[in-house]
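Asks:
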Amino acid sequence: MGNINHGDDSALETLVMSLRDQEPPSSALFIGAMPHEAFKAWRYLIGWQPHRAHATAWENAGFKRVDHLPEKKFSCVMVLPGKSKEATFASFANAIDRLEIGGQLIVAMTNAAGASRYEKEIAKVMGQVQSFQKNKCRAFSVRLGAEVRRDIIDDWRLGNVVREIDGFLVLPGIFSSKQIDAGSRALVSHFPAGLRGTAADIGAGWGYLSHSLLERCSQISKVDLFEVDATALECAHINLTNFSRRVSFHWHDVCEGLPANQYDVVMINPPFHAGQALDLSLGRRMIEQSIQTLKPGGTWFAVANRQLPYEKWLDHCGMPARKLSEDGTYKCFTGIKPLTR
Ligand SMILES: C[S@@+](CC[C@H](N)C(=O)[O-])C[C@H]1O[C@@H](n2cnc3c(N)ncnc32)[C@H](O)[C@@H]1O
80 MGNINHGDDS ALETLVMSLR DQEPPSSALF IGAMPHEAFK AWRYLIGWQP
130 HRAHATAWEN AGFKRVDHLP EKKFSCVMVL PGKSKEATFA SFANAIDRLE
180 IGGQLIVAMT NAAGASRYEK EIAKVMGQVQ SFQKNKCRAF SVRLGAEVRR
230 DIIDDWRLGN VVREIDGFLV LPGIFSSKQI DAGSRALVSH FPAGLRGTAA
280 DIGAGWGYLS HSLLERCSQI SKVDLFEVDA TALECAHINL TNFSRRVSFH
330 WHDVCEGLPA NQYDVVMINP PFHAGQALDL SLGRRMIEQS IQTLKPGGTW
380 FAVANRQLPY EKWLDHCGMP ARKLSEDGTY KCFTGIKPLT R
């Protein structure tokens with residue numbers, strides 16, 4: 080599994096346009112499912128989507144969703160791939176594994192994400208593809224024949240396998256899947272051993288901040304991990320096995336809100352991308368939520384890239400933060416939420 084890139088609907092639109100003259104298939108699976116009117120006419124379509132907000136949109140549009148990719152064959156598998164190369168190839172392998180002979184694979188992606196390169200890779204493995212180009216995207220499709228390069232598909236499948244970094248288990252495509260984020264490392268060095276009470280990890284990823292807090296601070300009774308990416312949260316489950324009685328996992332879009340005045344300690348390393356694009360508004364919204372879910376008198380910790388202008392936003396959110404450290408790349412903050420807010 081991998082992280083799906085939803086930065087932009089243009090790949091979805093291109094995919095739908097490429098299907099214009101086709102009858103709906105008898106059965107279809109959509110990996111990285113995004114809702115579209117055009118699919119309403121499809122009798123049998125199920126979607127897999129690890130991003131909470133997009134999974135909700137898919138369900139709200141009336142489509143069926145599965146938490147795990149089904150182990151069965153389909154006459155059509157569509158893919159809106161992940162943002163890392165490995166996660167993208169893994170999603171191709173997952174799609175091909177679920178195609179019946181003669182079934183159709185359809186992939187859509189932006190040119191900027193390397194569509195033509197991936198199209199060539201699919202052609203190498205499955206044979207001649209049909210390509211459709213629009214909106215600076217490509218949708219390419221091919222039917223599964225008897226002759227495919229199984230050796231290459233086996234390599235692609237490795238992107239579904241957890242690997243170890245510094246004693247933690249991660250999957251390709253999630254945040255910091257090659258190494259522990261240096262900003263997060265800097266932040267945890269500031270956690271005082273005497274922190275106590277309940278804690279929240281906002282945008283928890285594969286669980287590094289939670290693990291460090293629980294390891295350092297024996298008086299932390301419980302940590303709630305909030306994360307939008309189901310794949311990252313699955314890794315967090317594994318990484319926090321030793322603390323299973325002190326952790327709860329929430330597959331949740333933090334922008335939808337968090338309970339007010341709930342936690343004694345809150346920590347956040349906010350994202351500053353939505354898909355491939357720089358997006359400070361997402362980080363701002365998550366910071367705001369992280370502050371409002373903190374109890375008055377509770378302690379807040381955050382790390383951000385040095386150049387990101389969050390200070391004014393912290394004022395706006397009523398958090399009197401002070402800088403704990405700053406290096407060439409990251410700045411770490413802490414603050415106590417005022418009692419009178
Ligand atoms: C910079 S990473 C930090 C991950 C982890 N806390 C760490 O320090 O390694 C930001 C995390 O926020 C998650 N995220 C992004 N948007 C989110 C949202 N709307 N709700 C919850 N989590 C979100 C991302 O998937 C990512 O795992």
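The letter at position 212 of the sequence shown is residue 291 when you use this note's numbering, and the numbering goes up by one with no holes. We treat Cβ as the ideally placed atom computed from N, Cα and C, and that holds for glycine.
1) Considering only C-alpha positions, which residue in the set Arg228, Met96, Asp233, Ala283 is nearest to Met188?
2) Count the other C-beta atoms from every protein chain shown that fall within 10 angstroms of the C-beta of Met80, then say buried if there are 16 or more, exposed otherwise.
3) Please find out if some non-hydrogen atom of ligand 1 comes closer than 7 angstroms to the beta-carbon of Tyr389.
4) According to the neighbour-count rule (16 or more other Cβ atoms, all chains shown, within 10 Å of its Cβ), is Leu250 buried or exposed?
5) I'd like to know whether the C-beta of Ser404 is nearer than 8 angstroms to at least one C-beta of chain D.
6) For Trp379, write down the residues that DSSP places opposite it in a beta bridge.
7) Could you give the DSSP three-state label for His85: helix, strand or coil?
8) Under the rule that 16 or more other beta-carbon atoms within 10 Å means buried, what is Ser404, buried or exposed?
9) Is Leu361 close to ligand 1? I mean its beta-carbon at under 7 angstroms from any heavy atom of the ligand.
10) Tell me which residues share the same chain as Ala339 and place their Cβ nearer than 7 angstroms to its Cβ, disregarding the 5 neighbours each side in the sequence.
11) Any heavy atom of ligand 1 closer than 7 angstroms to the beta-carbon of Asp406?
12) May I ask you to report which of helix, strand or coil DSSP gives Ala107?
13) Beta-carbon within less than 7 angstroms of Asp308's beta-carbon, same chain only, minus the 5 sequence neighbours each way: which residues are those?
14) For Thr310 and Gly161, what's the separation of their Cα atoms in angstroms?
15) Take Asp280 as the anchor and find which of Asp332, Asp233, Asp230 has the nearest alpha-carbon.
16) Is DSSP giving Thr189 helix, strand or coil here?
17) Determine the closest residue to Arg236 out of Ala166, Lys199, Phe118, with distance taken between C-alpha atoms.
18) Tell me whether Ser327 counts as near ligand 1, meaning its Cβ is closer than 7 angstroms to at least one heavy atom of that ligand.
19) Please classify Arg228: does DSSP put it in a helix, a strand, or coil?
20) Is it right to say Asn84 is buried, meaning 16 or more other beta carbons lie within 10 angstroms of its own, or is it exposed?
Replies: Let's see:
1) When each option's Cα is compared against that of Met188, the closest is Met96.
2) Bear in mind that a pLDDT of 32 at Met80, under 50, signals an unreliable position, so the number given afterwards is only what the model happens to contain. Under this definition Met80 is a buried residue.
3) Result no, Cβ not under 7 angstroms from ligand 1.
4) Label assigned to Leu250: buried.
5) No chain D is present in this structure, which holds just one protein chain.
6) Trp379 pairs with Val345, Gly414.
7) With a pLDDT of 42 at His85, under the threshold of 50, the modelled position of that residue is not reliable, and the figure given next carries that caveat. His85 falls in the coil class under three-state DSSP.
8) Counting the other Cβ atoms within 10 Å of the Cβ of Ser404 gives fewer than 16, which makes it exposed.
9) Relative to ligand 1, Leu361 has its C-beta within less than 7 angstroms of a heavy atom.
10) Contacts found: Gln371, Thr372.
11) Outside the cutoff, so no.
12) Annotated three-state conformation of Ala107 is strand, per DSSP.
13) Result list for Asp308: Asn82, Pro129, His130, Ile253, in chain order.
14) The straight-line gap from Cα to Cα measures roughly 11 angstroms.
15) Comparing Cα positions, the closest option is Asp332.
16) The answer is strand: DSSP assigns Thr189 an E or B state.
17) Selected option, being the one with the closest Cα: Ala166.
18) Distance from the C-beta of Ser327 to the nearest heavy atom of ligand 1 is not below 7 angstroms.
19) Of the three classes helix, strand and coil, the one that applies to Arg228 here is coil, per DSSP.
20) With a pLDDT of only 39 at Asn84, under 50, the local geometry of the prediction cannot be trusted, and no value is derived from it.
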